[in-house]
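In case it helps, mature numbering (1 follows the signal peptide of the UniProt record, and there is no 0) puts the sequence shown at residues -30 to -1, 1 to 483. Below is one structure; the comments refer to it alone.
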Amino acid sequence: MGSVRRTAAGFLAALAALAAVVLPGGPVTAAPATGDEVYAALGVNRVAGDYVVLVDVSRSMREGRRYERVKASLRSFLAALAPDDRIALVTFADSARVVHDGPAGRSPDQVVGKLPPTADGQHTDIGAAIETSLRLLNRQGRPQIATVVLLTDGRHEPPAGSAYPFEQGYAWNQLAGAGRSLRKTSLNAYAVPLSGSTGAPLLARVYPGARILAPASIDRLGEQLEQPKSAARAAKARSVLGDDVTHGIQVTWPAATGRLAAGRTRLEVQLRSTATRIPLVVDHLAVRSDRPDLRFTVPAGPVELPAGGTATVPVTVEWDAGPRRVAPMSQVTASTTLTLGGDVGSPWADVLTGDLGLTFAPRLDGGATRVSLSAERGSLRWWAVGGVLLLALAGVGWWVRRRRLAPPLAGTLRVRAPGGEERELPLAGRRAALTAGSAGLPGYGEVTAARSSAASSDIRLVIRYSPDGSAAGRQAGTCGPGETVELGGAAFTWRHAAPVRRGGVASVSGTAR
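And the structure:
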């Protein structure tokens, strides 16, 4: 029956996974795990359990080959146990006797073979059998996950001299006290009546919470024995899990989250599973804030985390800090709380809550973080650009003005040396040199043109001349069109090519006489 259930569960899990992939709609998540998969992952077979099986070997068990079928069912029961599980077989009739107490091992036939070949007891001392089970469970070093199974087809009919002559009394009270004082991580007791009226309910007097299974034909004994076996496996799983079902996912925001600027910011948010055994899945991740000017983008789909594993989720934050402002240093600041939320679950959830009966509600911790928002919204850059342009315009104006105040030379300059020799010097460019080669003069001089102001149209020559070429002997003078100026014994007359206005009449300048 157990294999049929496992096959059906596997088929349904595969069908659900196929539907999730093929059909359009929600995100694809990990298929739910079966009980066998969870138990295998937890390694429950490495956790030893303690089984005490009380087998009635009174003569009534011969009816309908009941005893042989009990042994066959026990063989299947033992074959499903882990090799390290401890199994104690106790037979009872006229008395109780431990026929096997040790590991279940890998050969159930060897354990079952220790039962007597036939059931030939004259009485049914259920009290002695229960007392023996308590003694076995109280021994030092016994596993903390214990299961007691009572198999009987008759009522409590002890022999003379039994410590339990009746179904109640002082001895039974002592047994009940001993049962309540047992300290086990998990203790389950099952009484399996093999006929309509038996003493199976006596087990519940000693083991609180013992389950009295419904009377069943011997053909269904294998099904009945599935219950204590499944309960023991579940108890092992719970002992391995401990408080793991209370753990969840820890969210760690990066340091850059503390202060965000305008525009788009990509944040690497880390998710860490605090569970040590249970795989977790978080889906429908979303970031919330109380500011409508913030927008968030989180990848769609589930994020799977193995036990103790981590995953990085990229979160994009976009902040619209508003338009630029005229003030050059204007700044916008704000603060808010970002909260990363999602649905946390596990492929094991159905097994944890159904098969194991645990409360499983994993949390997403640390999802909220305080954020400061800061953005420069002033026009400092434009102010800087404007300043540079103004400086450039001022430089151009200064350059133009300087060029205007120092126009290019034009015309010719007649130079008469102190000895009376005259020479014509063509003027061009913005500076002309007065030397022996160019003007026939000793020493050195320079000729430039100048305006009195940028708006003036009158141009005069500025002549600087030193007969000996020294700075100390240099003399300077100005000369208008047609005028003559004497410097250092030399005479300079400017013949300008352009018309010169004098007294409102246009004439061509010539040599001043």
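Quick reminder that beta carbons are idealized off the backbone N, C-alpha and C, glycines included.
Annotated three-state conformation of Q301 is strand, per DSSP.
Shown here, L343 sits in a strand according to DSSP, grouped into three states. Sequence-distant Cβ neighbours of G399 in its own chain, meaning closer than 8 Å and more than five residues away, are P378, L379.
It is roughly 37 Å from the alpha-carbon of Y160 to the alpha-carbon of V251. Here DSSP, grouped into helix, strand and coil, assigns G312 to strand.
Going by DSSP, T286 is part of the beta strand (DSSP E) stretching over 280 to 289. Between G218 and R67, the gap from beta carbon to beta carbon reaches 8 Å or more. Every alpha helix (DSSP H) of 4 residues or more that sits fully in the segment 346 to 386 is shown, in chain order, as 350 to 375. A straight-line Cα-Cα distance of about 17 Å links A319 and R203.
Here N158 carries a strand assignment [DSSP, helix/strand/coil]. Here DSSP, grouped into helix, strand and coil, assigns G97 to helix.
The Cβ atoms of G179 and W142 do not sit closer than 8 Å to each other. For S28, the three-state secondary structure derived from DSSP is strand. Judged by beta-carbon spacing, A89 lies beyond the 8 Å limit of V23, meaning their Cβ atoms are not closer than that value. In this structure, D20 lies away from P78, with their beta-carbon atoms at least 8 Å apart. Going by beta carbons, S30 and D123 fall inside the 8 Å limit. DSSP places Q194 in the helix class (H, G or I) of the three-state scheme. The alpha helix (DSSP H) runs lying completely inside the segment 90 to 140 and spanning 4 residues or more are 96 to 107, given in chain order.
Beta-bridge pairing by DSSP links I182 to A161. With a contact defined as Cβ atoms closer than 8 Å, D55 and A42 miss out at about 20 Å. With fewer than 16 neighbouring CB atoms inside 10 Å of its own CB, E193 falls in the exposed class. Only buried fits N158, as 16 or more other CB atoms lie within 10 angstroms of its CB. Look at F330 here: in three-state DSSP terms it is coil, with no helix or strand label. Rounded to whole angstroms, the gap between the alpha carbons of P276 and W352 is 53 Å.
The segment 401 to 460 contains, as complete alpha helix (DSSP H) runs of 4+ residues, the segments 406 to 409 (chain order). For S151, the three-state secondary structure derived from DSSP is coil. T282 places its beta carbon 8 Å or farther from that of L308.
DSSP places W142 within a helical segment (H, G or I) once states are collapsed to three. Rounded to whole angstroms, the separation of the alpha carbons of D64 and D213 is 46 Å. Per DSSP, the continuous beta strand (DSSP E) segment holding E392 begins and ends at 392 to 396. Burial is judged here by how many other beta carbons sit within 10 angstroms of a residue's own beta carbon; G279 has fewer than 16 and is exposed.
The beta carbons of V210 and R247 sit closer together than 8 Å. For the pair G312 and L363, the CB atoms are not nearer than the 8 Å cut-off. Membership of S77 in any beta strand (DSSP E) is not indicated, and neither H nor E is assigned to it by DSSP.
Under the three-state reduction of DSSP output, T222 falls in the strand class. Minimum Cα-Cα distance from V285 among the listed residues T303, P388, R294, F266 corresponds to F266.
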